Amino acid sequence: MQRIMFAGCLFLASFAAAYGGKLEGYADTPFLPGQPWRVHDKLRPAPPVVTPAPYVRAEPPSDAVVLFDGQSAAAWQGAEAWPVRDGALIAEKGDIRTRQSFGDMQLHVEWLVPQPTAGGHVAERGNSGVFLLDQYEIQIFDNYGEDTIYADGMAGAVYGQSPPLVNASRPPEQWQTFDIALTAPVFTGTNRAPGRVTVLHNGVVVQNNTVLLGTTQHRALPVVTPHPVPAPIRLQAHGCPVRFRNIWVRPLTSAEKALPAKN
Ligand code: MG
19 MQRIMFAGCL FLASFAAAYG GKLEGYADTP FLPGQPWRVH DKLRPAPPVV TPAPYVRAEP
79 PSDAVVLFDG QSAAAWQGAE AWPVRDGALI AEKGDIRTRQ SFGDMQLHVE WLVPQPTAGG
139 HVAERGNSGV FLLDQYEIQI FDNYGEDTIY ADGMAGAVYG QSPPLVNASR PPEQWQTFDI
199 ALTAPVFTGT NRAPGRVTVL HNGVVVQNNT VLLGTTQHRA LPVVTPHPVP APIRLQAHGC
259 PVRFRNIWVR PLTSAEKALP AKN
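Numbers given in the numbering used here equal positions in the sequence shown, counted from 1, plus 18.
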């Protein structure tokens, strides 16, 4: 299926045209805990559209770990199946993961979605994602100026859990940015401190210290389960040649977690 979708993107790219339609959500999925909305709820309102300021390149600070500098994808496992072209790493076959693991972090990722393809399925619209701790997807999708997908599947969503506060997307073929601050979950005995995430999409806050309800699922409730922390960052191959560049991360030490344990 993925291969067919990718072929569609690739071979029809030259016939790119405005593609209408929306990936409708669902009315038969479970309700998110404590919320009036179902997972991928078709009735959940789309966030308002905000036009971001023009792109400004964010160079890595001195203490950043550079994960992709436009040339070498050596920091990524599986990247031999992702071509590097014109300074961009292009999603192709299979998800890729950082060789290094990260917990609490500041992460900068730049991405670009292709033009929608004539006759293509709406699910092909720049579908990719950044998985934090290999488990929690911050969605990448082409929803420039409109709701082309259910709210919790839009760009900047915690997929299946939390729609972006606003739709700050740029058009296809323009570079977009995610700046992400993650507080990793803590699994200690039966006491679980859930993870939290803040996301800026093109410089605009779209997740504000959002609680991660559980690991990312499709059409199902997030799953609360212990998993390794730290863990790799994962980029998703979802059938469309989304491009990535200028990826860097700053591991963070949480002041709270650094405090000595209370007696
Ligand atoms: Mg995705």
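Note that CB positions come from ideal geometry on N, CA and C, so glycine has one too. As the structure is a computational prediction, the values presented were derived from the model and not from experiment.
Just to confirm before moving on: does the CB-CB distance between residue i and residue j stay below 8 Å?
i      : j      : result
Asn264 : Glu128 : yes
Val260 : Val68  : no
Ile251 : Leu107 : no
Thr234 : Tyr177 : yes
Ala97  : Ala91  : yes
Val242 : Arg210 : yes
Tyr154 : Leu230 : yes
Residue range of the beta strand (DSSP E) that residue i falls in?
i      : result
Trp193 : Counting along the chain, Trp193 falls outside any beta strand (DSSP E), and DSSP gives it neither H nor E.
Tyr154 : 154-158
Ile114 : 114-116
Leu218 : 214-219
Glu128 : 123-130
Alpha carbon to alpha carbon, how far is residue i from residue j?
i      : j      : result
His58  : Ala169 : 7 Å
Ser119 : Arg62  : 35 Å
Thr216 : Ser187 : 17 Å
His208 : Leu253 : His is not the amino acid found at residue 208; the sequence shown has Thr there. For Thr208 and Leu253, the distance between alpha carbons rounds to 31 Å.
Ala71  : Gln194 : 11 Å
Leu50  : Ile167 : 18 Å
Ala287 : Arg103 : The structure shown does not extend to residue 287, since the chain is modelled only from 19 through 281, so no value can be given for it.
Pro65  : Ala249 : 31 Å
Arg117 : Asp81  : 18 Å
Ala141 : Thr47  : 19 Å
Give every residue of the same chain whose Cβ lies closer than 6 Å to the Cβ of residue i, excluding the five residues on either side of it in the sequence, and list them in chain order.
i      : result
Phe262 : Leu107, Trp129
Ala175 : Gln157, Pro181, Pro182
Phe205 : Pro244
For the ligand MG, is there a heavy atom less than 7 Å away from the beta-carbon of residue i?
i      : result
Ile158 : yes
Tyr177 : yes
His256 : yes
Asn226 : no
For residue i, collect the residues of the same chain with a Cβ closer than 7 Å to its Cβ; drop the 5 residues on either side in sequence, then sort them by chain order.
i      : result
Ser180 : Asp170, Gln225, Thr228
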